[in-house]
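These protein sequences, in sequence, are chains A and B. Per the numbering used here, residue 10 is the first one in the first sequence, and the count goes up by one each step. Per the numbering used here, residue 593 is the first one in the second sequence, and the count goes up by one each step. Every residue gets a Cβ at the ideal spot worked out from N, C-alpha and C, and that includes glycine. Remember, it's a predicted structure, so these values are computed and weren't measured experimentally. First the structure, in the form of structure tokens, and then the observations on it.
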Amino acid sequence: MNNRWQGVSFTDRLATVDYRVGERAHIVVDSDVCRSCTTKACVTACPANLFAPTAEGGILFNYEDCFECGTCYMVCNNDGAITWTYPDGGFGVVFHRG
Amino acid sequence: MTSYDAIVVGAGPAGASAALALARAGRRVVMVERGLFPGAKNVYGGVIYGRVLDDIIPAWWEEVPFDRWVVRRSTMVMTPNQSLSIDYRTDAWADAPYNGMTATRSRFDAWLAGRAVAEGATLVTSTVATGLIRDQRGAVVGVRTDRDGAELLAPVVVAADGVNSFLAKEAGLLPKADAAHHTLGVKEVLKLPTEVINDRFGVSNHQGVDIEMLGCTGEVPGGGFLYTNTDSVSIGVVLSLPQLAASGRRPESFIADLKEHPSIAPLLRGATLGEYSAHLIPEGGFHVMPKLAVDGMVLTGDAAGMTLAAGIWLEGVNFAIGSGWTAGQAIDRALATGDVSASGLASYRSDLEESFVLADHRRLRRAPGLVLSERVQQRYPGLVCDLAESFFTVTNPTPKAGGRKWLQAATKKHGVRLRHLVRDGWEGMRTFG
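The following block contains the structure:
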């Protein structure tokens, strides 16, 4: 997958975003459900690029860099695959130029 | 336990306006905000139209933390290598009462919430309202929070908790997921010196530009935006969620394409990325707006789907303020009568119908369907750009073919029939007329 757009790597892109990372993963992915999913829309639609397909057909999710936008659960076709809550109060993304 | 007259969940523009109305009426009101500060979770796409504040904060423009007053509004229709713009400018918009401003939500939202606090509202940040508390009859009487499991009780809860409103979902007012009626906005804030922005966009200090774009999102229905801040330019796209998911393309790749467009690239030369962000937008319009009041609770702002994404007008913050303010006043009256049931709170909806909030949504109820339709998205941008090219290209020594020939050629090339043009023209009149 092409991870570079206009010379900005995704790591550099996310480095412009301020986070207060909490200890609790606010989004949990049930990889057993994901294994049967053929579309895996979350992988490409997530604007923070946090869903990574695993070799076994499941999904790895990195909650630390989440924008809390809701795209992943909205586009997900499989009930119960993505459990989505807000991070604990005061944690998560802090937009300064939104 | 402290007892409140109302609990407002979310201290964005909707929640802050509701809290301000209630505090001004002498009610005890608390705002519960999950971010570090109001605005920390919020992203928008262009212009805040401030006239809604005229009745709420007199001479608001003297204190609002704006970036630039918008004096140029452009609508650009484009293909990958063409563009046609309607560009309107008036420096009168840089004077009171002003038309619209660009601003940064971390500052704007914090300012508005601060105004509510100044008039007596309580603000609790870094606290998530995790669920509703109901009485035996099912009426909402408070919220649970993640602050040591504390519960807040009040006769009325204002759900101003944004586009993903879990309170509205828990109350059964919004579907759990509804991709078809949401778009994803992704944005890059690109840093440029103030003087460079002034020169490139032809404005002076405190004057700003907002450009809306159609035809820049490839096969995915949506649009683009570009606007000037004090020392940065914000550029982004709005993408229909189902088609984005089906496209297999990453959201930021649409911004990358837009930034390379020959009409856009020169404006951004030398800029560096200041912040990347994304947010969902409720885009269903009037037809899919949820019920606005249940026993003990009202929905406001994005939680109620109150944004207008109708191509020419992209509005949301103003609707959030208008709905929050109207809700606060309706709740004050309901508290006075002692009836905070759905029927006691019904004047919230009827007052909104009288105001611009629901009047504009009703008037433009067909707009989301039209603007996101296949012809408007995929065919008309190329058609009008080709027509413009025909008009402006001098083909000497070949004589000019003339408007009718050009129209025939352009419609044929883009697979548009005359009856489509007539029908969509009529639909456009009905939608925007």
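So is residue i in contact with chain B if we call contact Cβ pairs under 8 Å?
i	result
residue 82 (chain A)	yes
residue 14 (chain A)	Reliability of the predicted coordinates at residue 14 (chain A) is poor, the pLDDT of 47 falling under 50, and the value obtained from them is presented with this limitation in mind. By this cut-off, residue 14 (chain A) is an interface position.
residue 104 (chain A)	yes
residue 31 (chain A)	no
residue 42 (chain A)	no
residue 54 (chain A)	yes
residue 25 (chain A)	yes
residue 38 (chain A)	no
residue 95 (chain A)	yes
residue 50 (chain A)	yes
In this structure, does DSSP put residue i in helix, strand or coil?
i	result
residue 637 (chain B)	coil
residue 875 (chain B)	coil
residue 868 (chain B)	strand
residue 661 (chain B)	strand
residue 743 (chain B)	strand
residue 62 (chain A)	strand
residue 861 (chain B)	coil
residue 721 (chain B)	strand
residue 1008 (chain B)	coil
residue 696 (chain B)	coil
residue 632 (chain B)	coil
residue 923 (chain B)	helix
residue 687 (chain B)	coil
residue 10 (chain A)	Bear in mind that a pLDDT of 39 at residue 10 (chain A), under 50, signals an unreliable position, so the number given afterwards is only what the model happens to contain. Coil at residue 10 (chain A), not helix or strand.
residue 885 (chain B)	strand
residue 952 (chain B)	helix
residue 1034 (chain B)	This structure does not reach residue 1034 (chain B), given that chain B is present from 593 up to 1025, and the question cannot be answered.
residue 703 (chain B)	helix
residue 100 (chain A)	coil
residue 898 (chain B)	coil
residue 929 (chain B)	helix
residue 1025 (chain B)	coil
residue 845 (chain B)	helix
State the start and end residues of the unbroken beta strand (DSSP E) segment that holds residue i.
i	result
residue 818 (chain B)	814-820
residue 613 (chain B)	First-last for residue 613 (chain B): 605-616, but that is the alpha helix (DSSP H), not the beta strand (DSSP E).
residue 774 (chain B)	774-783
residue 983 (chain B)	From DSSP, residue 983 (chain B) is part of no beta strand (DSSP E) but of the alpha helix (DSSP H) over 972-984.
residue 802 (chain B)	799-806
residue 715 (chain B)	714-716
residue 27 (chain A)	27-29
residue 891 (chain B)	889-891
residue 83 (chain A)	It is not in any beta strand (DSSP E) - residue 83 (chain A) instead sits in the alpha helix (DSSP H) that spans 80-84.
residue 677 (chain B)	674-681
residue 759 (chain B)	Premise fails: residue 759 (chain B) lies in the alpha helix (DSSP H), 758-762, not in any beta strand (DSSP E).
residue 69 (chain A)	68-70
residue 598 (chain B)	598-601
Considering residue i, what are the terminal residues of the alpha helix (DSSP H) in which it resides?
i	result
residue 50 (chain A)	50-54
residue 545 (chain B)	Since the displayed chain B opens at 593 and closes at 1025, residue 545 (chain B) lies outside it and no answer follows.
residue 839 (chain B)	833-839
residue 653 (chain B)	Element bounds for residue 653 (chain B): n/a, residue is neither H nor E.
residue 589 (chain B)	Here chain B covers residues 593 to 1025 and nothing more, so residue 589 (chain B) does not appear.
residue 19 (chain A)	19-23
Quick check: is the beta carbon of residue i nearer than 8 Å to any beta carbon in chain A?
i	result
residue 819 (chain B)	no
residue 1015 (chain B)	no
residue 869 (chain B)	yes
residue 861 (chain B)	no
residue 795 (chain B)	no
residue 857 (chain B)	no
residue 828 (chain B)	no
residue 774 (chain B)	yes
residue 939 (chain B)	no
residue 1023 (chain B)	no
residue 698 (chain B)	yes
residue 739 (chain B)	yes
residue 866 (chain B)	yes
residue 765 (chain B)	no
Short-range partners of chain B found in the region 64-91 of chain A, where Cβ spacing is below 8 Å: Taking 8 Å as the Cβ-Cβ cut-off against chain B, the residues of the region 64-91 of chain A that qualify are 76, 77, 78, 79, 80, 82, 83, 84, 85.
Where the region 700-720 of chain B meets chain D: residues whose CB sits under 8 Å from a CB there: The structure shown contains no chain D; the protein chains it does contain are A and B.
Chain A contacts from the region 842-854 of chain B (Cβ-Cβ distance under 7 Å): With the criterion set as a beta carbon lying under 7 Å from some beta carbon of chain A, the members of the region 842-854 of chain B are 842, 843, 844, 845, 848, 851, in sequence order.
Residues within the region 745-763 of chain B neighbouring chain A, beta-carbon criterion of under 8 Å: Going along the region 745-763 of chain B in chain order, one finds 755, 756, 758 with a Cβ nearer than 8 Å to chain A.
Contact residues within the region 603-637 of chain B, judged by C-beta distance below 9 Å to chain A: Hits within the stretch, in order: 624, 625, 626, 627, 628, 629, 631, 632, 633, 634, 635, 636.
The region 968-975 of chain B / the region 806-813 of chain B touching (three or more Cβ pairs under 8 Å): Because the criterion of three Cβ pairs below 8 Å is met, the region 968-975 of chain B and the region 806-813 of chain B touch.
Validate contact between the region 659-675 of chain B and the region 846-857 of chain B using beta carbons, cut 8 Å, 3 pairs: A contact exists between the region 659-675 of chain B and the region 846-857 of chain B.
Chain-ordered residues of the region 779-810 of chain B with a beta carbon less than 7 Å from chain A: If the cut-off is 7 Å between Cβ atoms, the region 779-810 of chain B has 781 near chain A.
Segment contact, 8 Å Cβ cut-off, at least three pairs: the region 627-635 of chain B with the region 784-794 of chain B: No, the region 627-635 of chain B does not touch the region 784-794 of chain B.
Any 3 or more C-beta pairs closer than 8 Å across the region 691-707 of chain B and the region 604-611 of chain B: Between the region 691-707 of chain B and the region 604-611 of chain B, the count of Cβ pairs shorter than 8 Å is three or higher; the stretches touch.
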